[in-house]
Every structure is written in C-alpha cells, then in structure tokens.
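> In the working numbering, the protein residues as written are 393 to 734.
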Ligand SMILES: Cc1cc2nc3c(=O)[nH]c(=O)nc-3n(C[C@H](O)[C@H](O)[C@H](O)COP(=O)(O)OP(=O)(O)OC[C@H]3O[C@@H](n4cnc5c(N)ncnc54)[C@H](O)[C@@H]3O)c2cc1C
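1. For the region 543-582, which segments carrying the beta strand (DSSP E) assignment without a break, of at least 3 residues, lie completely within its bounds, in sequence order?
2. Spatial neighbours of residue 412 within its chain, please: C-beta separation below 6 Å, excluding the five flanking residues on both sides.
3. Relative to ligand 1, is the shortest distance from any of its heavy atoms to the C-beta of residue 551 smaller than 6 Å?
4. Is any heavy atom in ligand 1 found nearer than 6 Å to the beta carbon of residue 476?
5. Return yes when the Cβ of residue 667 is within less than 7 Å of the Cβ of residue 645, no when it is not.
6. Which residue wins for smallest C-alpha separation from residue 622, given the options 713, 434, 561?
7. Residue 640: buried (16+ other C-beta within 10 angstroms of its C-beta) or exposed?
8. Give the C-beta separation of residue 552 and residue 605 to the nearest angstrom, bearing in mind that I take them to be a contact with Cβ-Cβ under 8 Å.
9. So, is residue 559 buried or exposed, given that buried needs 16 or more other C-beta atoms within 10 angstroms?
10. For the beta strand (DSSP E) containing residue 426, list its first residue and its last residue.
11. By DSSP, does residue 660 sit in helix, in strand, or in coil?
12. Quick check: residue 437 and residue 479, are their CB atoms within less than 7 Å of each other?
13. If you follow the beta strand (DSSP E) that residue 501 is part of, which residue opens it and which one closes it?
14. Consult DSSP for residue 707 and reduce its assignment to one of helix, strand or coil.
15. Which of the three DSSP states is assigned to residue 541 in this structure?
16. Can you give the Cα-Cα distance for residue 455 and residue 431, rounded to whole angstroms?
17. Measuring alpha carbon to alpha carbon, tell me which of 540, 525, 593, 546 ends up nearest residue 557.
18. Please identify the residue among 564, 595, 555 whose C-alpha is closest to the C-alpha of residue 613.
19. With respect to the alpha helix (DSSP H) encompassing residue 529, which residues constitute its N-terminal and C-terminal limits?
20. Please confirm whether any heavy atom of ligand 1 lies closer than 6 Å to the CB of residue 507.
21. Buried or exposed: where does residue 705 fall if 16 or more other Cβ atoms within 10 Å of its Cβ makes it buried?
22. Counting pairs of beta carbons, one from the region 395-403 and one from the region 519-532, are three or more of them closer than 8 Å?
23. For residue 432, is the beta carbon positioned less than 6 Å from some heavy atom of ligand 1?
24. Nearest to residue 441 by CA position, among 460, 491, 710, is which residue?
25. Would you list the one or two residues that DSSP bridges to residue 442?
26. Could you compute how far the alpha carbon of residue 601 sits from the alpha carbon of residue 678?
27. Among all the DSSP beta bridges, which residues are the ones paired with residue 518?
28. Can you check DSSP and say which residues form a bridge with residue 458?
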C-alpha cells in the first residue's frame, strides 16, 4: 500500500495548478487522472482576461483574442467593443499539456489512466483495487466529483451545457444569443477557435430538462442555418453549488467545490485560482483564502442575477435585450464589468 502526504484526484486546471504549487514543498504528492490524456474536457475554452498575470500563460496558447462581441436577443442586436481584449480562447488539451509540462515529475508523481473508485477518510481505492493512503486529499475531480460525494455534499445548483465542435473557419466573431423561450435565463454562444468553432448553449435543468434544451438548441441551429453535419456533439454538467472547500484533511478545488459561475458557466479561471489556494491551505492550516472568498462573492452575485432573471417570466426577453444596451457606453461597460466580475 503506497503512502503520500497529499493525493490529488483530477488533472484538470485545478488539480494541475495545485500539484505545481505543492511541488515546491517537502510533501510527497500523487496526482491521479482517470483519462489517458491530460487536458481534453467538454468546454467552450473561453478564458476571461482577468487576473491571469500570475499564471504566465504563454501567448501561443491563446488561440483567439476578442475585444468585441455581438449580443443577440429577439428584441435587440448590439455589437459591443472594448479597448482591451476581454476574452481569449484556449485549446483545453494544449492548455492541460502545458500545465502538466510545468510540473517536475521527479517531485510529483503523476498517474494517468488511473480512476479513483472509492474514497475513505485516509485512503482511496483505484479501479485496480489498489489502496493509496493519504494525509491530505484534494478533490479536483470536476462537476461529478467522487470526493464531493464522499463528503455528503448535495449538488442542487447545476446547469447542463451542450455544444457542437464544428471544423470550420467560417465564424470570426464572438457571439452570444439570448432567447428565454429556448434557453430560459441562459444563452447560446459562438466561440471561434483555431481550426474549429464551439457552438453551444446551456441551462439550469430545474428550469428546462436536458432533453428539452437539446430540442430547443436544434431549433435554434436550424433557424440560424448552422450546419452541424460535421460537428461533434458534446454535453456535460456545470456545478456552481459552493458549500466550502476545506473539510478537515479533505479539500475541494475548482468545479468539484462548485466554483463556477451559474450565470456564465465560466470555471477555468476559478479552477486555476482555487487549485493554487487549496495548495496554500494544505501547507498552512491557518491560511484563509481571500481569493476563494472573492470567487464565491462574485458567483453569489451571479446566482442572484440568475434568480432574478428566472423570476421575470415573460419579461425576461426584454430584460436580456436591455442588458446589452448600456454595454455600448465605455463608462457603463466599466461599471458593469466591475460590479459583475470583480
Ligand atoms: C459545454 C461546456 C462549456 C464550457 N465552457 C467554458 C468556457 O468557455 N470557459 C470557462 O471558463 N469554463 C467553461 N466551462 C466550465 C469548465 O470546463 C470547468 O469549470 C473547468 O474545466 C473546471 O476545471 P476543474 O479542474 O475544476 O475540473 P475539470 O476540468 O473537470 O477536471 C477534472 C479532472 O478530474 C478527472 N477525474 C474525474 N473523476 C475522476 C476520478 N474518479 N479519478 C481520477 N480522475 C478523475 C477528470 O478526468 C478531469 O480531468 C464549460 C463547461 C461545459 C460543460
């Protein structure tokens, strides 16, 4: 039976960042990933240009950079331009491989193709029935986290997001489509990527079943004459039900902790930040993470907006259309940006 100071489950942005931070300590660290390849994940790959400095992401990983977006609603259509680039797109496989490459594997043991099937208070069991003992366990295992389940945390706030990955260079603009009849308070997106485009949508399944969402998405694709015949369909859940990240010797980071936005579905940046912050909490048991508090504050604000939109009923389309109008003014852009995302 192997023994480690720290076992991290999941080599997504949260787990990889956590491993990178712990590598500098004297702890023995094991990172376990169920997939054969580190990186790929059902994701639009949109990375907001916000507080990214400390991660030193090389420019070559930023596929596309956007300083404008078009917002469509049944009532309005607006192109919004900003002086600064506010969103990049990244390829999740390349991003994961870059993060993995930064980890010194003489110090952190990385085991891919290794699924954890059971969690106990001081050991985990792999698919092979091998037991691994830990002092600290970090669940960085995403929306359907086995560690979260072990902790008995229910996930009541979650969305389903679906997308087609279509090999096409035809789409150049970043576009968001609000239509409450199809997506309730959520939206559909077009994210142009390097050699393909991600076209997707999402919704809280308390409001619209996953089946209905897909039917509505197909209607919307037809209406917008989007050819999906060469596209790959993908779907996954997004957990935004944060209930804490420290539970004795067990921690949650990234989406397993529910650190995403229920309003926008973004979670990559929160995963990177929380992965780093959880590593600091392991190294110093008195560490209090202001950065995670901040993510939670922003995410709670997003949940309130989502609830408000949900309650608007038939006026939602009007409200969603009106949202884009103040964004035309630079001053109001700044105010909205600050109050929504900082
Ligand atoms: C359709 C869709 C579009 C999205 N678009 C965006 C976007 O544009 N921008 C954005 O910021 N966010 C987006 N998100 C959310 C984003 O993908 C996640 O928030 C982010 O990946 C969370 O990172 P993480 O490290 O916490 O978890 P993950 O990236 O999910 O990584 C978890 C890792 O744990 C591994 N794992 C799970 N269980 C086990 C186990 N039992 N044993 C071993 N390994 C395990 C998984 O294989 C995975 O590699 C989107 C999500 C969806 C579904």
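Note that beta-carbon positions come from the ideal geometry of N, C-alpha and C, so glycine has one too.
Per the coordinate set shown:
1. 550-558, 567-570, all fully within the region 543-582.
2. 494, 495
3. no
4. no
5. Taking 7 Å as the Cβ cut-off, residue 645 and residue 667 qualify as a contacting pair.
6. 561
7. So residue 640 ends up on the exposed side.
8. 6 Å
9. By the C-beta density criterion, residue 559 is exposed, having fewer than 16 other C-beta atoms within 10 angstroms.
10. For residue 426, there is no enclosing beta strand (DSSP E), since its DSSP letter is neither H nor E.
11. helix
12. no
13. 500-503
14. helix
15. helix
16. Each residue's alpha carbon lies about 16 Å from the other.
17. 593
18. Comparing Cα positions, the closest option is 555.
19. Segment 523-531 is the beta strand (DSSP E) holding residue 529; no alpha helix (DSSP H) there.
20. yes
21. exposed
22. yes
23. no
24. For the set 460, 491, 710, the Cα lying nearest the Cα of residue 441 is the one of 460.
25. Partner(s): none; residue 442 has no beta bridge.
26. 43 Å
27. 508
28. 479
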